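> What follows is a structure written as structure tokens; I'll ask about it next.
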Amino acid sequence: MTTIASRATPGAAPARVWRHARLATFQPGTPWGWVEDGALVTSAEHITWVGPDRDLPAALRAADETDLQGALVTPGLVDAHTHLVYGGDRAGEFEQRLQGATYEEIARAGGGIRSTVAATRAASDEALFAAAARRAHVLMAEGVTTIEAKSGYGLAEDHEARCLAAARRLARELPVAIRTTSLAAHALPPEYAGRPDDYIDAALTWLAGQKERGLVDAVDAFCDTIGFTPAQTERVFTEAKRLDLPVKLHAEQLSDQDGAALAARFGALSCDHLEHLSPRGIAAMKASGTVAVLLPGAFYFLRETKLPPVAALREAGVPMAIATDHNPGSSPALSLVLMLNMACTLFRLTPEEAWRGVTVHAARALGLADRGRLAAGLRADFAVWDASHPRELAYRVGHAPCRQVVFGGAPRA
Ligand code: DI6
Ligand code: FE
786 MTTIASRATP
796 GAAPARVWRH
806 ARLATFQPGT
816 PWGWVEDGAL
826 VTSAEHITWV
836 GPDRDLPAAL
846 RAADETDLQG
856 ALVTPGLVDA
866 HTHLVYGGDR
876 AGEFEQRLQG
886 ATYEEIARAG
896 GGIRSTVAAT
906 RAASDEALFA
916 AAARRAHVLM
926 AEGVTTIEAK
936 SGYGLAEDHE
946 ARCLAAARRL
956 ARELPVAIRT
966 TSLAAHALPP
976 EYAGRPDDYI
986 DAALTWLAGQ
996 KERGLVDAVD
1006 AFCDTIGFTP
1016 AQTERVFTEA
1026 KRLDLPVKLH
1036 AEQLSDQDGA
1046 ALAARFGALS
1056 CDHLEHLSPR
1066 GIAAMKASGT
1076 VAVLLPGAFY
1086 FLRETKLPPV
1096 AALREAGVPM
1106 AIATDHNPGS
1116 SPALSLVLML
1126 NMACTLFRLT
1136 PEEAWRGVTV
1146 HAARALGLAD
1156 RGRLAAGLRA
1166 DFAVWDASHP
1176 RELAYRVGHA
1186 PCRQVVFGGA
1196 PRA
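And the structure:
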């Protein structure tokens, strides 16, 4: 915890000082990276100093100061897996499932993802953006400062591009950072029924254009019985690598396809879901430094019974992240704070593991080293809570008392 700049630096942006906070920095070394009576200094978009309030250099004290009076400060939350851009909803399908139909049966009968594809294609650019912005605001109100947003409900070149462009527009118009992921290999669109390899051929030709237009930060695929085969997934990854785009994978959600080991061979940033992950997959993820993104919202909503192998991931030292997986079919959740509770209650993570999962490990799952902790030199993205310890937020259900969010050094209105 060192000073890398101060108010005295000529030409530096004016500093803001946040004093008398309980800080969960998630810096390594101590539980929670805890600082009981802490201070934090920001300049422009970055944190320039963080540490015990009593050590705050006198030179920094005259700047714009806020006394937080013991409130909890955490890094801004990172939702590392969402499908935020889509048209329509699937509340009717929810009713069908309550009457006994399974998620896979509905998908095979042409509902599921494909019904959202129809609604997405029918929505205007403006409607897609407006719906995604409403959802983003709900996440942001609970301290989220970075959101990953996947395509995957367009499934045609222009519609996939429209969805990625809507996600990019969120970052331009809202005080939030967005990472986009191209997920054309999410489901087979109706016009390619029975011809999945032809669809993959087509989808591979879209990627270079998406990259050229600056629409895509990473590439994902759904490797499962109702998604794409490992061989098809490998073709997607090969094209992503050729374009120098990082990959991630919806892996081992409904069955074990050995997708995690495949993704690890491509140095994947993350493998996500993982209920059916094998010891072999865990070893491969460990070797490649791939983050395990666990999605308790989908597990809960689909009433899954097979738990992801949390104890084995912990034992192997694979970093675990937690995300909402917000989507209309398997996880309509828009509360990353609720996911903290679900990760603890359903998956038996400790509250600290769950919190690292929505901060430092979530940032890593997106390949971002400049956020997810409170430390000098990192982005000044943080949340102020009406709580005295982060475990309280993992413990409560339906109550996330976020007082203030600072994004890139600027308090959100
Ligand atoms: N796995 C999921 O849980 C979501 N996508 C995926 O590959 C579900 C998407 C949906 O049902 O609309
Ligand atoms: Fe997903």
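Quick note on this note's numbering: the sequence shown kicks off at 786 and runs consecutively.
Using N, Cα and C, we set each Cβ at its ideal position, and we do this for glycine too.
Only a predicted model underlies this, so the values are computations on that prediction, with no experimental measurement involved.
What residue ranges within the stretch 1123-1161 form continuous alpha helix (DSSP H) runs of no fewer than 4 residues, ordered along the chain?
Complete alpha helix (DSSP H) runs here, min 4: 1136-1142 and 1145-1150.
> Around the C-beta of T833, are 16 or more other C-beta atoms found within 10 angstroms, so that it is buried, or is it exposed?
That one is buried.
> Rounding to the nearest angstrom, what Cα-Cα distance links W991 and L940 in this structure?
Going by the C-alpha atoms only, they are around 10 angstroms apart.
> Looking only at C-alpha atoms, which of P1031, D1005 and A892 sits nearest to P975?
Nearest of P1031, D1005 and A892 to P975, Cα basis: A892.
> Between the stretch 948-961 and the stretch 996-1004, can you find at least three pairs of beta-carbon atoms closer than 8 angstroms?
Touching, per the Cβ criterion.
> When you compare only the Cα positions, how much space is there between M786 and A1161?
Only weak support exists for where M786 lies, its pLDDT of 38 falling under 50; the value from the coordinates is given anyway. Taking the straight line joining both Cα atoms gives about 7 angstroms.
> Straight-line CA distance for L1151 to R839?
Taking the straight line from one Cα to the other gives about 35 angstroms.
> Inspect the beta-carbon positions of P813 and R1156 and report whether they are closer than 8 angstroms.
Not a contact, by the Cβ cut-off of 8 angstroms.
> Could you say which of V858, P799, Q881 and R1149 lies nearest to P1031 if we only look at CA atoms?
If we check each option's Cα against that of P1031, R1149 comes out closest.
> Could you check if H944 belongs to the surroundings of ligand 2, using beta carbon to heavy atom distance under 7 angstroms?
Flag unset: Cβ of H944 not near ligand 2.
> Is D1029 helix, strand or coil by DSSP?
Coil at D1029, not helix or strand.
> Just how far apart, CA to CA, sit E1200 and A1139?
Residue 1200 lies beyond the range of the chain shown here (786 to 1198); nothing can be said about it.
> When you compare only the Cα positions, how much space is there between Q1189 and F1086?
Distance between the alpha carbons of Q1189 and F1086: 30 angstroms.
> For a test of your reading of the model: does the CB of D1110 fall under 7 angstroms from any non-hydrogen atom of ligand 3? Yes or no.
This structure lacks ligand 3; its bound ligands are ligand 1 and ligand 2.
> Could you tell me how far apart the beta carbons of H922 and Q854 are, in whole angstroms, since I believe they sit closer than 8 angstroms?
Between Q854 and H922 the Cβ distance is about 27 angstroms, and since that is not below 8 angstroms, they are no contact.
> Hey, how far is the Cα of P795 from the Cα of V961?
Caution applies to P795, whose pLDDT of 44 falls short of 50 and renders its modelled position unreliable; the value that the coordinates give is listed next. Approximately 29 angstroms between the Cα atoms of the pair.
> Whole angstroms are fine: how far does the CA of A1048 sit from the CA of E1019?
So the alpha carbons of these two residues sit roughly 8 angstroms apart.
> Quick check: does the Cβ of G1114 come within less than 7 angstroms of any heavy atom belonging to ligand 1?
Result yes, Cβ under 7 angstroms from ligand 1.
> According to DSSP, is V902 helix, strand or coil?
Here V902 sits in helix by DSSP.
> Tell me the rounded alpha-carbon separation between R792 and A843.
Any answer about R792 is weak, because its pLDDT of 38 lies below 50 and its placement is not dependable; what the coordinates show is given next. The straight-line gap from Cα to Cα measures roughly 11 angstroms.
> Less than 8 angstroms separating the beta-carbons of H1111 and R920?
Yes.
> Buried or exposed for L883, please, with buried defined as at least 16 other CB atoms from any protein chain shown within 10 angstroms of its CB.
Per the 10 Å Cβ criterion, exposed.
> Taking the alpha-carbon of A1165 as reference, which of V1095, L825, V820 and R807 has the nearest alpha-carbon?
Of V1095, L825, V820 and R807, the residue nearest in Cα terms is L825.
> Let me know if H1061 comes out buried or exposed under the rule of 16 or more other beta-carbons within 10 Å of its beta-carbon.
Its Cβ being crowded by 16 or more others within 10 Å, H1061 is buried.
> So, at 6 angstroms on beta carbons, what are the nonlocal neighbours of L1106 in its own chain, with the 5 sequence-adjacent residues on each side left out?
One point to set straight first is that residue 1106 is Ala, not Leu, in the sequence displayed. Excluding positions up to five away in sequence, the list reads A865, V1076, V1078, G1142, H1146, A1147 and A1150.
> Pick from S1120, G1082 and S1173: whose alpha carbon is nearest that of F1132?
It is G1082 whose Cα lies nearest to the Cα of F1132.
> Does DSSP classify T787 as helix, strand or coil?
Only weak support is given to the placement of T787: the predicted model assigns it a pLDDT of 38, under 50, and the question is left unresolved by the model.
> Which of the three DSSP states, helix, strand or coil, is assigned to R792?
Confidence in R792 is poor, its pLDDT being 38 and thus under 50, which makes the residue's placement unreliable; the coordinate value appears in the next sentence. R792 falls in the coil class under three-state DSSP.
> Out of A886, Q995, G937 and T931, state which residue places its alpha-carbon closest to the alpha-carbon of T901.
Of the candidates A886, Q995, G937 and T931, the one whose C-alpha sits nearest the C-alpha of T901 is G937.
> Are any of the Cβ atoms in chain C nearer than 8 angstroms to that of I985?
Absent here is chain C; the protein component of the structure consists of one chain.
> Could you spell out the range, first to last residue, of the beta strand (DSSP E) harbouring P837?
That run of the beta strand (DSSP E) goes H831 to P837.
> Inspect the CB distances between the stretch 1118-1131 and the stretch 1168-1188 and report whether three or more fall short of 8 angstroms.
With a cut-off of 8 angstroms, the stretch 1168-1188 and the stretch 1118-1131 count as touching, because enough Cβ pairs lie within range.
> Using a 10 Å radius around the Cβ and a threshold of 16 neighbouring Cβ atoms, would you call A969 buried or exposed?
Answer is buried; the Cβ neighbour count reaches 16.
> Are there any heavy atoms of ligand 2 lying less than 7 angstroms away from the beta-carbon of H1035, as far as the coordinates show?
It does: the Cβ of H1035 is within 7 angstroms (strictly closer) of some heavy atom of ligand 2.
> Express the C-alpha separation of L913 and P1104 in angstroms, rounding to a whole number.
Their backbone Cα atoms lie some 33 angstroms apart in a straight line.
> So which of R1197, G895 and G1052 has the shortest CA-CA distance to K1026?
When only C-alpha atoms are compared, the closest one is G1052.
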